[in-house]
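Numbering (the numbering used here), first residue to last: 30 to 417.
Below: the structure, in structure tokens.
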Amino acid sequence: MFSELTEQLRARDQQGLRRVRQVLEGPQAAHITIDDREYLAFSSNDYLGLANHPELIQSVCEGAQQYGVGAGASHLINGHSSAHHRLEEALADFTGFPKALLFSTGYMANIGVVTALVGREDAIFADKLNHASLNDAALLSRAKFIRFPHLDFTALEQRLAASTARRKLVIIDAVFSMEGDRAPIRQVVALCEKYQAWLLLDDAHGFGVLGQQGRGSLFLPDSPAGHSPHVVYMATLGKAAGVFGAFVAAQPEIIETLIQTARSYIYTTATPPLLSHALLVSLKKIEQDEWRRERLTQHIQQLREGLRSSPWKLLPSDTPIQPLLIGASDEAVRISQALREQGILVPAIRPPTVPQGTARLRISLSAAHQPQDIVRLMQALHQLASLS
Ligand SMILES: Cc1ncc(COP(=O)(O)O)c(C=O)c1O
30 MFSELTEQLR ARDQQGLRRV RQVLEGPQAA HITIDDREYL AFSSNDYLGL ANHPELIQSV
90 CEGAQQYGVG AGASHLINGH SSAHHRLEEA LADFTGFPKA LLFSTGYMAN IGVVTALVGR
150 EDAIFADKLN HASLNDAALL SRAKFIRFPH LDFTALEQRL AASTARRKLV IIDAVFSMEG
210 DRAPIRQVVA LCEKYQAWLL LDDAHGFGVL GQQGRGSLFL PDSPAGHSPH VVYMATLGKA
270 AGVFGAFVAA QPEIIETLIQ TARSYIYTTA TPPLLSHALL VSLKKIEQDE WRRERLTQHI
330 QQLREGLRSS PWKLLPSDTP IQPLLIGASD EAVRISQALR EQGILVPAIR PPTVPQGTAR
390 LRISLSAAHQ PQDIVRLMQA LHQLASLS
């Protein structure tokens, strides 16, 4: 048994696919410390720079005083505290849905929603570049899993029209995590309404960042139809919100169905209430600190303008995820490594996470960055390009 595993691991090494964890000292921030060396990091999802905010740290301490450290039980036994409950009400209100439900992680939320809503006689329609958690959820549900090419809504419509499934569920990222591009929500919702399908919209990377006051992708000017009763909205709380967890917001019948039947909700300990206590503060900061989103917009513009002359092109994206297309996997790894030697962290993303031949550097921007940080990254990239 062991020699088989060793062999598999060696094969990974040979293909350059072995992943290594880096041990971070201290908090997530624009400048982080690994192995006693400081790095300028473009590698977190802490888009608003809240993960290390003093007010959030303070609220975690208060939350611990008030609620203790652990929830001690699952939500349906007696782990559902007033902090969880208040946060759910605040999230429903903030995202414009009648009800919201907290999950421990976005991964678990996607598993819970999909497996609670569809089963063997049903069909799931999924964009090919969706997040892994949506794919895993689809497989676990045992529904027919039908994928369509990235953002190809003609293909989606053909598949919806041809389906005789009892229930139909379309699942899609609102912002694609490795591309940074966005799903045209109005168009997807219209298709779901036309073919009587549910829509699970994963806004892990839009919540807090996009839309009026950071209320998410459904509040972008081009998505007015987003609050259709067909929509089940999912967002995470460990990215822009800076803390941990996730939530689903939807019509009351859906939320009640999740409470009764979503196994990744029922059979797990509730998250520490102190996190919900801190998330209430985070939600206020998301709503009020418009300057964080303005700064992000400036960083995005600065980077896109600055890299226009580079031989490596940024994929089209108006979100903080700015992937720089390199092509070959070994070249992407080499550039990432060269940046690292200069004290700059930008992860190389390779197949199978992204399609063959589209290895890239996933530059992720944060309000915690300063304009000079972006300049430093651009100068390093230009210099590396001139040497290539
Ligand atoms: C699009 C998308 N959905 C879901 C998740 C899972 O969220 P979590 O990290 O809270 O499990 C992620 C990232 O982790 C993601 O990028």
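Cβ atoms here follow ideal geometry from the backbone N, Cα and C, with glycine treated the same way.
{"query": "Beta-carbon proximity check, L132 vs A278, cutoff 9 Å", "result": "The residue asked about is misnamed: residue 132 is Phe in this sequence, not Leu. It is not a contact, given that the beta carbons lie outside the stated cut-off."}
{"query": "Extent of the continuous beta strand (DSSP E) run through Q351", "result": "I350 to G356"}
{"query": "C-alpha distance - K128 paired with C90, whole-angstrom precision", "result": "28 Å"}
{"query": "Segment contact, 8 Å Cβ cut-off, at least three pairs: the stretch 32–44 with the stretch 360–367", "result": "no"}
{"query": "Beta-carbon proximity check, A24 vs A145, cutoff 9 Å", "result": "Absent from the model: residue 24. The displayed extent of the chain is 30 to 417, so no value can be given."}
{"query": "Where F123 falls: helix, strand or coil (DSSP)", "result": "helix"}
{"query": "Near ligand 1: S206 beta-carbon under 8 Å from a heavy atom", "result": "yes"}
{"query": "Residues near H398 by beta carbon distance below 7 Å, same chain, minus five either side", "result": "A59 and H328"}
{"query": "Candidates P380, P400 and S393, of which the one nearest Q44 by Cα", "result": "P380"}
{"query": "Straight-line gap, T286 to V142 (C-alpha atoms, nearest Å)", "result": "9 Å"}
{"query": "Sequence-distant residues of the same chain with beta carbon closer than 8 Å to I378, five excluded per side", "result": "M207, P352, A361, A388, R389, L390 and R391"}
{"query": "Supposed close pair E150, A194 - CB separation, criterion 8 Å", "result": "7 Å"}
{"query": "beta-carbon S305 near ligand 1 non-hydrogen atom, thresh 8 Å", "result": "no"}
{"query": "Proximity to E67 [Cα-Cα], best of L189, G135 and G55", "result": "G55"}
{"query": "Bounding residues of the alpha helix (DSSP H) (the contiguous stretch that carries S393)", "result": "Note, S393: premise wrong, no alpha helix (DSSP H); beta strand (DSSP E) at A388 to S393."}
{"query": "The stretch 102–119 touching the stretch 297–311, judged by at least three CB pairs closer than 8 Å", "result": "yes"}
{"query": "Sufficient close CB pairs (3 or more, under 8 Å) joining the stretch 218–231 to the stretch 88–107", "result": "no"}
{"query": "Distance between beta carbons of T265 and G108, contact taken as under 8 Å", "result": "The Cβ separation is near 20 Å, so there is no contact."}
{"query": "Cβ-based burial, I86 [other Cβ within 10 Å; buried from 16]", "result": "exposed"}
{"query": "For Q371, the nearest candidate out of R405, S393 and I355 (CA to CA)", "result": "R405"}
{"query": "T298 (DSSP reduced to helix, strand or coil)", "result": "strand"}
{"query": "Residue burial classification, K268 (beta-carbon count within 10 angstroms, cutoff 16)", "result": "buried"}
{"query": "Close-in-space but distant-in-sequence residues of the same chain around A119 (CB under 8 Å, 5 per side omitted)", "result": "L309 and L312"}
{"query": "Element boundaries [alpha helix (DSSP H), containing A152]", "result": "Run containing A152: none in the alpha helix (DSSP H); it sits in the beta strand (DSSP E), A152 to D156."}
{"query": "C-alpha gap between L168 and F174, whole angstroms", "result": "7 Å"}
{"query": "Uninterrupted alpha helix (DSSP H) stretches inside the stretch 41–123 (no shorter than 4 residues)", "result": "83–96"}
{"query": "Extent of the continuous alpha helix (DSSP H) run through F182", "result": "F182 to A191"}
{"query": "Cross-strand partners of L374 (DSSP beta bridge)", "result": "A70"}
{"query": "Heavy atom of ligand 1 within 8 Å of G141 beta-carbon", "result": "no"}
{"query": "Within 9 Å, strictly: CB atoms of Y294 and L130", "result": "yes"}
{"query": "Cβ-heavy atom distance, Y76 to ligand 1, below 8 Å", "result": "no"}
{"query": "P302, buried or exposed, once every other Cβ within 10 Å from all chains shown has been counted against 16", "result": "buried"}
{"query": "Runs of beta strand (DSSP E) wholly within the stretch 204–253 (minimum 3 residues, chain order)", "result": "227–231"}
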